[in-house]
Structure formats: structure tokens, C-alpha cells
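**Q** Pasting a structure here, questions to come.
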Amino acid sequence: MTSATTTGQTSATTTGQDGTTVPGHPGPLPPSLLDHVLRQSFGLEGYVQHPLGGEVDQNVRITGDDGLRYFVRVTRAEPDSADVLWQNALFQHLAATVPGLPVPRLVPTREGEFLATVVHDGRTHVVRVMSWLEGRVLAELDDHPPALLRQLGEAAGRLSLGLSSMEPPVGLEPHDWDMRRAAEIVEASLHAVQDAERVESVRTIMGWYDALLPVWDRLPRSVVHQDLNDANVLADADEDGVPRISGIVDLGDSLYGVRVAEVAIAAGYAMVRKADPLAAAAEVVAGFHSVLPLTAEELAAVHPLAAARLCMNAVTWTRRVAESDTPYGRARMRHTWPAIARVAEVCPDVAEATFRVACGLPPTREQRGLETVLGEWAVLADAPHAPAPRLLDLRPASDLYDEVDWHDARAVRARIDDVLDGRRRRGYVPHLSASLLLGDRRRPGADEPATVQVGGSLIVADAEEVRSPLSGVVEARGGAGTPLVLRHAVEGLEFWTCWWGLDDTPPVAAPVPAGALVGRARASGEADPLGPCVQVQVHRTARMATWPPPRVVPPSARQVWSHLSPDPARLLGFTEAPAAVSTIDDVVSVRRRHIARSQRNYYRTPMNLVRGRDVWFHDEDGLAYLDSLNNVTHVGHAEPRVTAAATRQLRKLNTNSRFVYPQIASYVQKLVATLPDPLEVVFLVCSGSEANDLALRIARQVTGRQHIVNIDGAYHGNTGVVTGISPNRYKGPGGAGAPATTHEVVIPDRYRSTYGYDDANAGVKYARDAAAVIERITADGRPPAAFIAESLMGSGGNIVFPDGYLDGVFAAARRAGALCISDEVQVGVGRLGPWWGFELQGVVPDIVTMGKPLGNGHPLAAVVTTREIADAFDTGMKYFNTFGGNPVSCAIGEAVLDIVEQDGLRENAVSVGGYFAQSLRELQRRQPLIGDVRAEGLYLGVELVRNRTTKKPATEQAFMVTELMKERGVIVFPNGVHDNVLKIKPPMTFRREHVDLYVDALDEVLSLPELRSAVQS
């Protein structure tokens, strides 16, 4: 063993590298002395020292000229002390048992030892050198994504596995972070906490800890690291900027104890700085359990132990700061006390159930036993709740809401009265059902709306008497914000019921015989759409029943509460099974079996949409999504006037267009009135693809030519013919390239192509280049039948044409004898301001195709052309479309045109679209991932780039934005040649408040670390 000595004055204290003053310890080794030890003992010469923080030990990073780095720890101890020997044994054991785990590896001295000694100020110091682990401590990261926390749990599990075969240490002194001493440590320092609310939180948590003592001896034992706090775990970013666990450091507090302490401590510190601490802890626990399965008693112990560890940290550092103020101590407390306040509000029963669900485990044995008893409960013929209540379906897909505004409490109550026959019968809302009445915009984490009720609800009359179906004893009388709680015992099984919404309840400790009165239904206000309502819950523990439990929870917590609160339906006399509905899992499963994979759905984790209204979607759980994507429902989802028009016509007549009926005449007159002369002849079809297919057929037949000129990146539909003129498809995955008859011109994209926003003549120049293509193929003997273009390119990346572009290309096409086709399928019917997009370019096409918006979601499309072209197309072969132009479609189409005109939706597109563009450009100034914003009316595009100079497409990030915006209740999706342009084409009823919501959500998403880190300088 190498040693070195030095002399100097003895110091009574040491000041750590972080400013911590520790009485009774000598000062750190001088850099020159440490350099001497490193050179002489470890052969490390010329390394630059960088002091690091530490509670007691002196920690240093050293860096060589070649960039190689090591971690150096200096400990005031004898080389044969129990602490040093134990720590070195730990390092060596982990190197042998879990070589892939990112923990420091000891670097040997020249003599092959794993430490060197030096005497300074008359005291022996042990110097150890270890491998350097890259990364930043979790405490320094602004965000801990769920995947990172799960990795933390996995790493803790691997660490526990590695340590499980190690023998307990001998001769170690106890320390202040030993979980076995939690009650002692907290009590010794709690006097220093002056805040009464903090003291109350600590007392609550330590009560949970004390409740573990009866099972403590049954918990599995092992050597544990004992200190996986957020300053001892490192994270680094992978090549995609995604954080990953890169190191576990500081084995100095390792000891032999309960194995569950390892995951509990990691989970405890993971809860710090979290709006939803329980969700963070659940990720850690699930990760640990996937590596090293936890027993039922361990899972129940995690939350109390995690919370107790935070209390140990907070009260200890509060005392130390009071005794000797330190920056390190203040830093450790700054976030811990707020975390303790939030954690103390989480009932351990909820935490246990949350962890079981996260680990994929069923309810506890006790919970399953209670469910069995309740499931076998016989409804007595003379039960006080007879006759049985009637099911009241408040789920988002319920017919109850079809003709009512669910935000209007009076209207909803009147509708419910109708359903319940004027309230002559009780209604029953089932346990764990979602209600649209509770619906709100989806938000992530702790902000997720609570739309699922816990327990069953009886809809009753004002002041109606309510009786208990079984005997019990009053444990809590209830009041404002708290329920009546009854304790019951059935077949030797004890459980509790909570009754919300009662007045005149019996006093505490009063016996309640079966059938006895427990109160009267509390009167409801006018703002309550349900009227008087008594909500009843069943709970297995008194702690959960008296917490009190929540009345409603977020959809993501439904499974947790199915573990915690059994269905009370049979107790309340309800035996009718709610109508089965297809859940998201059911629908996705069927799609996978019976829908072709080529028919892909939006999102990696889609939502199950069951209702739409105006600019909002609503899923099966009542979560709402702002629709910024849907140019199909042009005048809004489930628009009442459109629905009424369809219903009226369906009741009268629906047939095919070879019969004569007034609806087709009325509709085409209104449609043609929106178009300039000489566009006056209409072909009614069912889809935009069909319209473009017919337009090409007309052009080819009338001109006698086959060749078509299109724009690169365009999309015109999915029939075999129009796929052949859609570079978006034939150049994409699985595409076979352009047919010989298709000829592309360059995209007039002023952001990426040759002529930019700074070129006032960009439109003329792009048109000139397109004309050159037309002239070339004509000269080659391949004259075009048509030039086809969207009036604003949708799938090509929301490209707004520069002024003069279509005018120049149309002129060139007509000189070559070609027809000009304007594809208005995506942008027409007023979306850009005028009725049709081509009007913005000052041109009149020969053929116009229309689709998506015409029917507001109903399959209605059209081709409109001149009389001359229509007559030339009529060579004797009949054109017939079975469903195109049927009476119902025409009635719907007419209603859509009327609404656009009467409601001023074209003017709204200009006004709101302009505000939208301005808001997005303001956002662009502070969000570097936004490369370009382009807009015309209510058709906008936000192009995302990783580098504004190189314009490298942020394709992966665009899809990340899509998922993250969905979690915040906003529907977006990318398109464009590089799939990096967020397309914005909402219903025309979009208003400024919707713009604000969209922009705020996008700002929040683009500010997340995983997207900020994608920006390249």
C-alpha cells in the first residue's frame, strides 16, 4: 500500500467543496498533495483537478491532457477501517455480479491495491480513484420523463440483484440515513421545524412508517445501496437527445436492511419536483419490479418508506441549517418540503394500488375477497331500495346528449327527467363510468381531468329518504365535502361504505340496522345537471373511507380505483348491466384483425372518439380534443342544421340520381352560383379521389391526350389513376415512381425551393420553370392533356403559391392545348376567404374538383366544368354514379353552403386565420424549432426544422409534437415532403380563443427538454 505524509496545522472544521461546514473534521487535502498521491501511487500525472460537492468526503474530478477523466474520493479514515473495507468490497462485488451496471470501478494503484493513504494535519486519509461516469445528477435535470424513471427503477433492481448475494457487513457504525432508524432520526430533528403544516405532514407520514413495524421482520433482507437519491444517480442523453440512466454513485451509505428500501428511496426522491409524485414513483416501482419482483408486503411498504425517507432528509437538513447554515443544506430542502406536502396527501392505500397496477398485478387478496362477497350479495325482495333504479347512461357516447347542450344544466336536467319518467323512478349511474358532464380538454399528468366517478350514484328526488341496505355503525357523520361513513361486517369480512350528498345523517357510533334511514337527499342547485344525487362507495379500509376518498378520478386512474373500491351496484338494488361499448382496446384489436394495415390510423396510442361537437372531439372517457386538423367537418362536428337536413330528407326520399327529384336541382344551382363563369356544369360524385379521377378522364377524352403535368409533392387521391399523379404517394414508401405519362414541375415553395420570400417575382419565376417543362414534353411529342394543381398545396406541406404562379402556368398549359384543373378538395368552400382558392390567384380553371368540405363529413364531392367541355365529354357513353347526388347528399350539401354564407364563415376564415398566422409567427420568434409559418385563411402550416440555417427537417420531432399535443387535448398531424409540417385546417367555426389554446399548447410542447435538445446550432 502506497502512503505519503505531510505536516501542517490541525483544523477543527472542514468546509466542503459545496460550502458545507462539518464540525470536527479536518480540512481537505491541498491540491498539491493530492496531485503527489495520484502521481506516486496511481501513476496519474498531469491531471487537472476539479473539486466536487460532498457531505463529508472530499470529492474531485481529475482530467488528463487526453480528456480522460477519473473520480477521486478522499476519506478521513484508516485503510483498514470497517467503512473503507466495506465500500471497497461493495465495488468489487458489483464488478463481479453486475458488470454491466453503470457504477464506478476502482482503479488500482501501481502495486495493485485499490487505495492509497496519506497523512495530513496529523490524520490519515484514504485516497481512492474510480472510473468516471458521464452524465448529470438527476437533481440538475429540469425534467424526468417516465421512461427515465422506469430506467431508474430497473437500475435499482439490477443493483439489488447484484448485492443480494453479498454477506452483511461487520463492525459498521450506524448513520443518519439508515431506514431502520427513520423514526429516531426524524424525532431527533423535528424540533428544528418551525412550520406547523410541515410538522403535521411529517407526523402523518411517520404514522404510516410506524404502521409498518408489525410486518418489518417479514420483509426480505439484503445489502442495499441505501441512498439512491437524485444527487447520486446520473443521466446522460443518447444520440437522439433522449435522457438515460448513466451512473449510480456513492456507495458510502450501503448497509444490510430491508430490500424494499432500495426502491422506496429511489421512488421517494423521484417524487421530488413532480406535479404528480405518485405517477413518478409508480414508474420507478414498475421498473424495479420488472427486474426483481416485489412481494405484496413490499409493495405496501414502498410509499410509507419513500415518504419517511423524504422526511428524514428534510428534518435533518432543517436542523443542520439551523445549527450551521449551508448552501448544500438549503438546496437539499428547497424542493423536498413541497414534495412532502404533496406526498402526505396521498393515501398509502392509493399508492399501493397504483404500484400494483403499474406492475401488472391484480388487486390484493383481501380486495378480491370483498369483491366476491359483494358480487354474491342477494337483493332482498323487501329491500328498502325497491323497485330497482333505472340505468342512467351519462357516458360520452350516450344518446342522452344527442340533442342537448351538455353545458346547459337546465337542459340536461330536463332531459334526465324525461329518461326517468319525470323522476318517478330512481336513476342509477354505474361505478367507474365516465361522464360527459364532467368532460374537459385532455391534459397530461396531474392536470388530467377527472371524468370518472368512484362508486354508484342514485338520482333521487329532493329530500328523498335514503336507507342502508345492510346493518352497520356510523364512523363519520359527514358534512360539507365529506361523506357519511358506515362500518359493516359480512361473513366475518369488515368493510366501509361512504354516502355522499346526504343531510340529517345519524351521529357517530350510532348503530344502523339494515333498512334504517341514513339521511335525506341534499337539495341541489340550478347549476347541477343531475339534481339530487346520492353517491355510494365501498372501501376495504377505514383509512381509505375516512381519508376521504375522491368522488371523481381521471380516466388513467380507473384501474387503480377498481382495485380500491368494489362496485356497490347490488347493494343499491341495481342489477341491470350497462350496455356494452367498444373500448379503445376492442376497436384497435378489431382494426388489427380486419382492417388492412395500409389503412393506418393517427397516433401511436390512439384515442377512441365517440362524439364531436363544433371544433371538439370527445373520447370514450369524456376527454376533449381541439380539432385543428379536420377540414372534412367544414362547418363543425355534428352541426345541428346539417343533421336536421339529413334527417328530414332520409324520412322522405333517398334514391339514385337517374331519377328526377328537386333536391339535386336546388343544390347544383347554389353550388354553381359560387363559381365564376363559364363553370356551370356539375357532375356529383362521392369523394375527392373520385372527382379527380373523373376530371382526368374528362381531360384525356376531350383532348385526346394522355400526359398530365402535376406539381412535385402533390396528393390528388387514392384511385389507381390519381395515385399516378400524386408524387406524395408514388414517391413515398411502397411507391413505384411516376408513370410515363406524369410530368412534375417543381414545388413553388418559397422556404425551401429556388426562389424565396425575398424574391418579389418568385411566382413568375416558378411559373416560367413550369412552362419550360410543358414546352419540353410538348416538343417531345408528349403534349399534356391537363395541368392539375391544388389551389394551395395541402399534403405537399401547406404551400401557399406566390402571386402570379397559377396565372403563368395556366397560360403555358393552354398554349400547349391542355386543360387546367383546380383541385379544391382540401381548400375550397371558403376556407381561404373566397369561395374557391383559385380566385386568390386571379384565374379561372377549365375544371374544378371538390370534395371533403361539401358534405361536412358526408360523402359528397363534385366536378364542375364548362358546357363546352361537358358536351365534348358526352360521346354517347353514359356516365352514372349510383350515390353521387342522391337526395340526402344534396340536402346536406345545400345546408353546408347556406351555413357558410349565413354564418359569415368565409369572413371568419380571413379574420381568425390572420390572427392564427400572427400568433404562430410570434411563437416562431421564441421557438427555434419553427422554421417557417405559412398561411392563407384557415389553412396554415408550421414547418419544424432542427437547424434554421441548414433547414434540416425535424421529422421525428414533428411526430413527437403530434403525440404531445394529443396529450394536451389538441389534434395535429404532420405532412409535407419531409413529414415535418404541422398542418392546420380546422372546422371553419374556429375562433380566436381556440387559436390561443392551440398556440399555448404548442409553445408548452416545444419548450419541453426533449424538443429543445433537438435544436442544432
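Note that numbering that gives the first Met the number 0 has the sequence shown beginning at 0, numbered continuously upward. Using N, Cα and C, we set each Cβ at its ideal position, and we do this for glycine too.
#1: What's the gap between the Cα of residue 727 and the Cα of residue 610?
#2: Going by beta-carbon coordinates alone, are residue 767 and residue 807 separated by less than 8 Å?
#3: Report yes if the CB atom of residue 106 is closer than 8 Å to the CB atom of residue 41, and no otherwise.
#4: On the DSSP bridge list, what partners appear for residue 456?
#5: Do residue 888 and residue 854 count as a contact pair if the criterion is CB distance below 8 Å?
#6: Which residues share a DSSP beta bridge with residue 729?
#7: With DSSP as the reference, please indicate the residues paired to residue 690 in a beta bridge.
#8: By a C-beta neighbour count over all protein chains shown, 10 Å radius and 16 as the cutoff for buried, is residue 491 buried or exposed?
#9: Which partner residues of residue 623 appear in the DSSP bridge assignment?
#10: Is residue 290 helix, strand or coil when you go by DSSP?
#11: Per DSSP, what kind of secondary structure is residue 819 in: helix, strand or coil?
#12: For residue 228, count the other beta carbons within 10 Å of its own beta carbon; 16 or more makes it buried, fewer makes it exposed. Which is it?
#13: Out of 745, 722, 273, 748, point me to the one whose CA is closest to residue 736's CA.
#14: Restricting to Cα atoms, I'd like to know which of 608, 605, 606, 624 is closest to residue 614.
#15: Would you grab the beta carbon distance between residue 264 and residue 308 for me? Rounded to a whole angstrom, and I think it's under 8 Å.
#16: Taking the C-alpha atoms as reference points, what is the distance between residue 605 and residue 142?
#17: What do you get for residue 281, buried or exposed, if any count of 16 or more other CB atoms within 10 angstroms of its CB means buried?
#18: Identify every residue that forms a DSSP beta bridge with residue 72.
#19: Does the separation of the CB atoms of residue 82 and residue 147 fall below 8 Å?
#20: Using a Cβ-Cβ distance cut-off of 8 Å, determine whether residue 900 contacts chain C.
#21: Where residue 18 and residue 54 are concerned, what is the direct C-alpha to C-alpha distance, given to the nearest angstrom?
#22: Among 278, 186, 262, which residue has its Cα nearest to the Cα of residue 313?
#23: Which residues mark the beginning and the end of the beta strand (DSSP E) in which residue 786 is found?
#24: Just to check my reading of the structure: residue 881 and residue 691 have Cβ atoms closer than 8 Å, yes? What is that Cβ distance to the nearest angstrom?
#25: What separation, rounded to the nearest whole angstrom, lies between the Cα atoms of residue 60 and residue 434?
#26: Assuming residue 245 and residue 224 form a contact by the criterion Cβ under 8 Å, report the distance between their Cβ atoms to the nearest whole angstrom.
#27: Measure the C-alpha to C-alpha separation of residue 496 and residue 487 and round it to an integer number of angstroms.
#28: Any chance you could list the beta strand (DSSP E) runs of at least 3 consecutive residues sitting entirely within the segment 658 to 714, in chain order?
#29: Please state whether the Cβ-Cβ distance between residue 1005 and residue 936 is less than 8 Å.
#30: Quick check: residue 941 and residue 919, are their CB atoms within less than 8 Å of each other?
#31: For residue 946, report the span of its alpha helix (DSSP H) as first-last.
#32: Over what stretch of residues does the beta strand (DSSP E) that includes residue 223 continue unbroken?
#33: Per DSSP, what kind of secondary structure is residue 494 in: helix, strand or coil?
#34: Can you pull the DSSP bridge partners for residue 951?
#35: For residue 100 and residue 158, which I take to be in contact (beta-carbon distance under 8 Å), what is that distance rounded to the nearest angstrom?
#36: For residue 731, count neighbouring C-beta atoms within 10 Å of its own C-beta (all shown protein chains included) and say buried if the count is 16 or more, exposed if not.
**A** Result, derived from the coordinates:
#1: 31 Å
#2: yes
#3: yes
#4: 428, 534
#5: yes
#6: DSSP lists no partner for residue 729.
#7: For residue 690, which the question treats as bridged, DSSP gives no partner whatsoever.
#8: It is exposed - the Cβ of residue 491 has fewer than 16 other Cβ atoms within 10 Å.
#9: 440, 617
#10: helix
#11: strand
#12: buried
#13: 722
#14: 624
#15: Correct: roughly 5 Å between the Cβ atoms.
#16: In a straight line, the C-alpha of residue 605 is about 25 Å away from that of residue 142.
#17: buried
#18: DSSP links residue 72 through a beta bridge to 58, 127.
#19: no
#20: Protein chain content of the structure displayed is limited to a single chain, and chain C is not contained in it.
#21: Unreliable placement is indicated for residue 18, whose pLDDT of 32 sits below 50; no coordinate value is reported for it.
#22: 186
#23: Here the beta strand (DSSP E) through residue 786 covers 783 to 789.
#24: With a Cβ gap of about 19 Å, residue 881 and residue 691 do not count as contacting.
#25: 57 Å
#26: Actually they are not in contact, since the Cβ atoms of residue 245 and residue 224 sit about 16 Å apart, beyond 8 Å.
#27: 8 Å
#28: 678 to 684, 706 to 710
#29: no
#30: Result yes, Cβ atoms of residue 941 and residue 919 sit closer than 8 Å.
#31: Counting along the chain, residue 946 falls outside any alpha helix (DSSP H), though it belongs to the beta strand (DSSP E) covering 938 to 946.
#32: 220 to 223
#33: strand
#34: 946
#35: 6 Å
#36: It is exposed - the Cβ of residue 731 has fewer than 16 other Cβ atoms within 10 Å.
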